[in-house]
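Q: In the working numbering, the protein residues as written are 960 to 1481.
I have a structure I would like to understand better, so I am pasting it below and will then ask my questions one at a time.
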């Protein structure tokens, strides 16, 4: 076990008493680097592996909806503008408001998931999103379209926060990085489907095609409804609710070993402070987040910081506005523009699979180094092509390569690992609210960038905008080096202890040379 002796209490309502992090609480801890005797072994039973993987897949279905909405809107906005005659500012608001309003869902998701459980929060996210999607597909005017967009944003806020938390809490440490990245795979797959939908329906009349594009995104709701009856509740949430026997049964299913399930249950109980607990109020959780101890402050800097860098490097503008970017590069015709975006979608989806293969082998930091460095190079290259080679054949080719390289670099590291880190570095009592706070930072950053992109490019040109994104990406490299610890192979409880000591946190860093090792393996 990663830590023993953490004191805590729980009352009959299953609410946890405060376990101050960073106080003089004693920890008896083995080496945080897994040794041969304490390593959490891979799941050997094929049926158990399939079961855990199926849980991760079903929990991630909302991410397909998010990805599809992002991808399809990049092309649908062309025909919405033509059909509803909306202005450039209205285009920016329509695209960016989804990210801004999703902060409401993210803020509510933490408390909601603590109240009704992780699983049913996933279902609630799907219901809200699908309601908004249906309204958008049938909207007769910009105002009605915005109402649907607002509802969809709230649903997305719920979905992007809860899926990684659920998966992290049911996954064994040896595979948690890969499994927690499944939502990011599904987001990328959804984006690709959105791009393909744009291209497939682009030749239909403008007053019909964008409605079909948006309406196709309602199909996954049926699968999500069935999935809710197939996946278990999070064992860690069940422990918090004092439903110990149910938690034990779930752990047996995901470990296929009563002995291992018993040991893991004991570890979770200690971490949750579920023995003889006093009431731990939600106010106390937010108070600890707003007035954090040094270890919690380090967690918040890492978790919220990586979420913000994920967005302020401009990835959503690349995805949402790729047709406009390629148009500035010199590609003409809607079909050609949308065909180019399909190439972007394929690249983004392909490279997320590389991240899944290496995230639990090489670790989080080497992939983050490769990702942020690669994005920096590609963003500067895109700026160069748009500034000096616009409408030239070489410029068009360089722009396509730079955009594809940027999304590929993002998908290898910053995209999936952001959610992995934010779901695994916080202690159980803070996990839901702290993860929600990080998701809020991500969504607000995305919304601000998306809603201002067209206005900023008109002021300083598209080339100048991507040059700024390149500078921000440079700072992301430094952030990864100094603020992000390596969490590969550690249990959630071990990671909590890792943040207790700043020196130990720095000691967990990997060297930049590990990136060379990654490149050789790739």
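Every residue gets a Cβ at the ideal spot worked out from N, C-alpha and C, and that includes glycine.
All values derive from a computational prediction rather than experimental measurement.
Which residue from 1321, 1230, 1303, 1057 puts its Cα closest to that of residue 1453?
A: Measuring from the Cα of residue 1453, the nearest candidate turns out to be 1230.
Q: Find the nearest neighbour of residue 1120 within the set 1101, 1142, 1102, 1110, judged by alpha-carbon distance.
A: Ranking the options by Cα distance to residue 1120, first place goes to 1142.
Q: Specify, as a first and last residue, the run of the alpha helix (DSSP H) that residue 1225 falls within.
A: Per DSSP, residue 1225 belongs to the alpha helix (DSSP H) from 1217 to 1231.
Q: Taking the alpha carbon of residue 1253 as the point to measure from, which residue in 1457, 1018, 1310, 1032 has its own alpha carbon closest?
A: Out of 1457, 1018, 1310, 1032, 1457 has the C-alpha closest to the C-alpha of residue 1253.
Q: Does DSSP classify residue 1201 as helix, strand or coil?
A: Residue 1201: coil per DSSP, three-state reduction.
Q: From what residue to what residue does the alpha helix (DSSP H) around residue 1351 run?
A: Where residue 1351 is concerned, there is no enclosing alpha helix (DSSP H), given that its DSSP letter is neither H nor E.
Q: Ignore the nearest five residues each way along the sequence and tell me which others in residue 1330's own chain have a CB closer than 6 Å to its CB.
A: Only 1368, 1371, 1372, 1373 meet the Cβ criterion.
Q: Consult DSSP for residue 1077 and reduce its assignment to one of helix, strand or coil.
A: Three-state DSSP puts residue 1077 in a helix.
Q: With the cut-off set at 7 Å, would you say residue 1421 and residue 1287 are in Cβ contact?
A: Against a cut-off of 7 Å, the Cβ pair of residue 1287 and residue 1421 comes out as a contact.
Q: Hey, residue 1193 and residue 1129: beta-carbon distance below 7 Å or not?
A: Going by C-beta atoms, residue 1193 is nearer than 7 Å to residue 1129.
Q: Answer with buried or exposed for residue 1061, where buried requires no fewer than 16 other C-beta atoms within 10 angstroms of its C-beta.
A: Buried: at least 16 other Cβ atoms inside 10 Å.
Q: Tell me where the alpha helix (DSSP H) around residue 1028 begins and ends.
A: It spans 1020 to 1043 - the alpha helix (DSSP H) in which residue 1028 sits, taken as one unbroken run.
Q: Taking only the alpha-carbon atoms, compute the straight-line gap between residue 1425 and residue 1336 and give it to the nearest angstrom.
A: The alpha-carbon atoms of residue 1425 and residue 1336 are separated by roughly 11 Å.
Q: Are the CB atoms of residue 1210 and residue 1223 within a distance shorter than 7 Å?
A: Contact: yes.
Q: Express the C-alpha separation of residue 1205 and residue 1172 in angstroms, rounding to a whole number.
A: Residue 1172 and residue 1205: Cα-Cα distance of roughly 42 Å.
Q: Ends of the alpha helix (DSSP H) at residue 1383?
A: Segment 1373 to 1383, the alpha helix (DSSP H) holding residue 1383.
Q: Could you tell me if residue 1402 is buried or exposed, where buried requires 16 or more neighbouring beta carbons within 10 angstroms of its beta carbon?
A: That one is buried.
Q: Using three-state DSSP, classify residue 1236 as helix, strand or coil.
A: With a pLDDT of 46 at residue 1236, under the threshold of 50, the modelled position of this residue cannot be trusted; read the value that follows with caution. Three-state DSSP puts residue 1236 in a strand.
Q: Let me make sure I understand the geometry here. Which of 1026, 1407, 1176, 1323 has the alpha-carbon closest to that of residue 1097?
A: Taking only the C-alpha atoms, the option nearest residue 1097 is 1176.
Q: Could you tell me whether the Cβ of residue 1030 comes closer than 7 Å to any Cβ of chain C?
A: Included in the structure is just one protein chain, with no chain C present.
Q: Under a three-way DSSP split, which group does residue 1190 fall into?
A: Here residue 1190 sits in coil by DSSP.
Q: My output table needs one value for residue 1158: the three-state DSSP class, helix, strand or coil.
A: Correct three-state label for residue 1158: helix.
Q: Is the CB-CB distance between residue 1307 and residue 1445 below 7 Å?
A: It is not a contact, given that the beta carbons lie outside the stated cut-off.
Q: Identify, in the order they occur along the chain, each residue of the same chain with its Cβ nearer than 6 Å to the Cβ of residue 993, setting aside the five sequence neighbours on each side.
A: For residue 993, the predicted structure reports a pLDDT of 36, less than 50, and the residue's modelled location is therefore unreliable. The matter cannot be settled from this model.
Q: On a Cα-Cα basis, can you pick out the residue from 1134, 1080, 1385 that is closest to residue 1064?
A: The candidate whose alpha carbon is nearest that of residue 1064 is 1080.
Q: With a threshold of 7 Å on Cβ separation, who are the neighbours of residue 1251 within its own chain once the five nearest residues in sequence on each side are excluded?
A: Around residue 1251: 1259.
Q: State yes or no: is the C-beta of residue 1149 within less than 7 Å of the C-beta of residue 1026?
A: Yes, these two residues count as a Cβ contact at 7 Å.
Q: Among 1388, 1298, 1375, 1067, whose alpha-carbon lies nearest the alpha-carbon of residue 1281?
A: Measuring from the Cα of residue 1281, the nearest candidate turns out to be 1298.
Q: Would you kindly report the start and end of the unbroken alpha helix (DSSP H) that includes residue 1387?
A: Where residue 1387 is concerned, the enclosing alpha helix (DSSP H) stretches over 1387 to 1442.
Q: Between which two residues does the alpha helix (DSSP H) carrying residue 1125 extend?
A: Taken as a continuous stretch (DSSP letters only), the alpha helix (DSSP H) holding residue 1125 covers 1101 to 1129.
Q: Please name the residue, chosen from 1197, 1271, 1056, 1085, that lies closest to residue 1227 on a Cα-to-Cα basis.
A: Nearest C-alpha to residue 1227: 1197.
Q: Of all the options 1316, 1016, 1277, which has the alpha carbon lying nearest to the alpha carbon of residue 1304?
A: Selected option, being the one with the closest Cα: 1277.
Q: Could you pull out every residue in the same chain whose Cβ sits closer than 8 Å to the Cβ of residue 1162, ignoring the five residues on either side in sequence?
A: So the qualifying residues of the chain are 1168, 1294.
Q: Can you give me the Cβ contacts of residue 1431 inside the same chain, cut-off strictly under 8 Å, excluding the 5 residues immediately before and after it?
A: Hits under 8 Å: 1268, 1271, 1272, 1273.
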